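In the numbering used here, the protein residues as written are 94 to 188.
Structure (structure tokens):
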């Protein structure tokens with residue numbers, strides 16, 4: 094059996110990332126980017142709730158754990174950003 098490709102995620106505060114399967118990373122990354130683009134801004138809670146509802150039956154991992162992990166990676170890579178001083182915490186695409 095071929096070994097699946099992995100990716101080491103990044104963390105916006107420079108903490109250690111985690112190694113996850115690239116296919117899972119890409120699946121969740123595509124979902125987050127699509128959803129944030131569609132909404133403009135979205136609370137992290139709403140993103141997580143939507144992901145659990147829409148992805149649980151088609152994803153072979155813990156949806157919310159991957160949403161958190163990939164969201165942090167996308168922040169560290171400058172693709173999305175947490176809007177400063179928002180409560181609850183809101184996200185948007187970074188320009």
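Idealized CB from N, CA, C, for every residue including glycine. Only a predicted model underlies this, so the values are computations on that prediction, with no experimental measurement involved.
Asked	Found
Three-state secondary structure assigned by DSSP to residue 108	coil
Beta carbon of residue 121 nearer than 8 Å to that of residue 128	no
Inter-residue Cα distance where the pair is residue 98 and residue 146	27 Å
Burial state of residue 95 (16 or more Cβ within 10 Å)	exposed
Three-way DSSP call (helix, strand, coil) for residue 179 in this model	coil
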